[in-house]
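Undergrad: Residue numbers (this note's numbering): 30 to 552.
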Amino acid sequence: MQSRCVERSSAGLSVVRSCVLLLFIHLSTPVEARRVRGGRAQTRRAQQQQQQQQAPVYRERVDGPESFPLDFTAVESNMDSFMVQIKNLAQSLYPCSAQKLDQDMKLHFLKNVSVTCNDGSPAGYYIKESKGSRRWLLFLEGGWYCFNRQTCDSRYETMRRLMSSTKWPQTRKGTGILSPQPEENPHWWNANMVFVPYCSSDVWSGATPKTDHSDYAFMGSLIIKEVVNELLTKGLQNAKVLLLAGSSAGGTGVLLNVDHVAEQLESQGYRGVQVRGLADSGWFLDNKQYKFTDCLDTISCAPTEAIKRGIRYWGGLVPESCRQAHVGEEWNCFFGYKVYATLKSPVFVVQWLFDEAQLTVDNIHLTGQPVHEGQWRYIKNLGQELRSTLRDVPAMFAPACLSHELITRTYWMDIQVKGTSLPRALHCWDRSLQGNIHINSSHGNHSHQKHKAAPVRGCPTHLIDSCPWPHCNPSCPTIRDQLTGQEMSVIQFLKHMGFDVQKIAQQQGMDPRKLLGMLNNGS
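Okay, structure coming up:
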């Protein structure tokens, strides 16, 4: 029975591949050709599509082995329907699918046992390989930090999984940009996925082992280096693109390590691998707190003071070019707007304009009680400050929402800025860099790519909301009342935040009803 099941599975998969290819060819055929074969229904459908005046879909042709088996950009406008057809077809032809194709990432501990988590347990990574793909996505997990013996002891008691690997599960499921499902991850679903758990508590910067005289190891930077070395034995040596991504402390870790990784590969002779960065929710400000408090714990300590203490405790490393720009004050390199200009590798920045973690360290706590006018003014000013630091970043996605982290959320495709989703913006960035590489290679330039890439018409990469209030973007994630758990509308949320519609309308010189309409529409 088992052998018949295997035979049927193999045959079913072959048929699935053939049918997928036929479906893709059909959907990629020029509209004119399908209209002739499809008759009047196709003609009506084509006319309706023309009447909708949708923006043109720009398709990319990628040369060489980097090409995916399927480029889902061609069916992006009808992705849901397409994937339903594929899944139904696969299920009907794969009856032995009780043992589903394993798409989870599997745990591997580092072979170099001297590179460890805080408590000396082995560091590691999760990986799902995609044979034939030359694209690699290496994701750095986030999760705050600790900066002295007291805060690290407290962290070890309450968040041990972020300091030790002793209870890591054997597998992890990828979501958002780590998902292997094309309907959730249309442009990176077929990449080799690597998830590196955060267990160093040093914003991925440390290079200090545990010794008889120190209670904890801080080896975040070395963990990344060792993971890259091991991946070079698993196919990374043949990669075309390595995207170093991360969220929160992992996003800051991307900014601190992307040039290190590029230099590591280049020094070992792998000059053909294009190293890029994707920093999500790691663009923190060293601004003045709303309310000053003593630096007693991670949450209440001002970001500048916490990092100043931490970088000494961790033995933290920063990019060489940034270190030279801030000799003796290397802590500056942990803040995105200061380190970004010194980087050689291209980086895409994803940042909520009203980041919850930033508000927390600034001592604005939204705990169910309406905020008063001073807090409201501080929150609004935070959005303006973030906007100003992102003004000169050519590749970025900054929605005016109150949230934290995005790229691994299952809803990451739903958030839009000026009508463009984050996956679409990343795809446009990918295309612009590809065009830039062709230009550089034709001139014999193989050094790190510069931040600015040739823009692709109709494919935006600099996306930042202009509306001034938290959640004024209608695609923002759902807000829930922290006491009742019930969903809140934008107006309910703003009133809860102490937003006075009558007063603001008077200040703006407009009718309150018009302001309410603007808020409802996300203007």
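Every residue, glycine too, gets a C-beta built ideally from N, C-alpha and C.
#1: Roughly how many angstroms separate the alpha carbons of H137 and V223, rounded to a whole number?
#2: Are at least three pairs of beta-carbons, each pair with one atom in the segment 259-271 and one in the segment 203-212, less than 8 Å apart?
#3: Rounded to a whole number of angstroms, what is the C-alpha to C-alpha distance between P423 and I508?
#4: Where I408 and G161 are concerned, what is the direct C-alpha to C-alpha distance, given to the nearest angstrom?
#5: Could you check which residue in D148, E170, L139 and D231 has the C-alpha nearest to that of D241?
#6: Within 10 Å of its beta-carbon, does G153 have 16 or more other beta-carbons around it, so buried, or fewer, so exposed?
#7: Classify G538 as buried or exposed, calling it buried when 16 or more other Cβ atoms lie within 10 Å of its own Cβ.
#8: For my contact list, L166 and L272 are in at a C-beta cut-off of 8 Å; report their separation, rounded to the angstrom.
#9: Write down the C-beta distance between G344 and T237 rounded to the nearest angstrom, noting that I regard them as a contact closer than 8 Å.
#10: Check whether the Cβ atoms of A291 and V283 lie closer than 8 Å to each other.
#11: Is Q445 helix, strand or coil by DSSP?
#12: Locate the beta strand (DSSP E) running through L382, then write down its first and last residues.
#13: I believe G306 touches L169 by the beta-carbon criterion, under 8 Å. Please report the beta-carbon distance rounded to the nearest angstrom.
#14: How long is the line joining the alpha carbons of S450 and N316, rounded to whole angstroms?
#15: Under three-state DSSP, which class holds W197?
#16: Here's the rule I'm using: 16 or more other beta-carbon atoms within 10 Å means buried, otherwise exposed. How should D323 be labelled?
#17: Please say whether T389 and I336 have beta carbons closer to each other than 8 Å?
#18: Do you know whose CA, among P489, M192 and K269, lies nearest K239's CA?
#19: Check whether the Cβ atoms of G249 and G264 sit closer than 8 Å, and answer yes or no.
#20: Enumerated in chain order, which unbroken segments of the beta strand (DSSP E) with a length of 3 residues or greater are wholly contained in the segment 346-429?
#21: Which residue marks the beginning of the beta strand (DSSP E) containing I493, and which one marks its end?
#22: In chain order, what residues of the same chain lie with their CB nearer than 8 Å to the CB of R352, ignoring the 5 residues before and after it?
#23: DSSP beta-bridge partners for H137?
TA: Looking at the coordinates:
#1: 10 Å
#2: no
#3: 30 Å
#4: 47 Å
#5: D148
#6: buried
#7: exposed
#8: 5 Å
#9: 4 Å
#10: no
#11: strand
#12: That residue, L382, is in no beta strand (DSSP E); it is neither H nor E in DSSP.
#13: Actually they do not touch by this definition, with Cβ atoms about 10 Å apart.
#14: 29 Å
#15: coil
#16: exposed
#17: no
#18: M192
#19: no
#20: 376-379 and 425-427
#21: H491 to I493
#22: E359 and C362
#23: Y154
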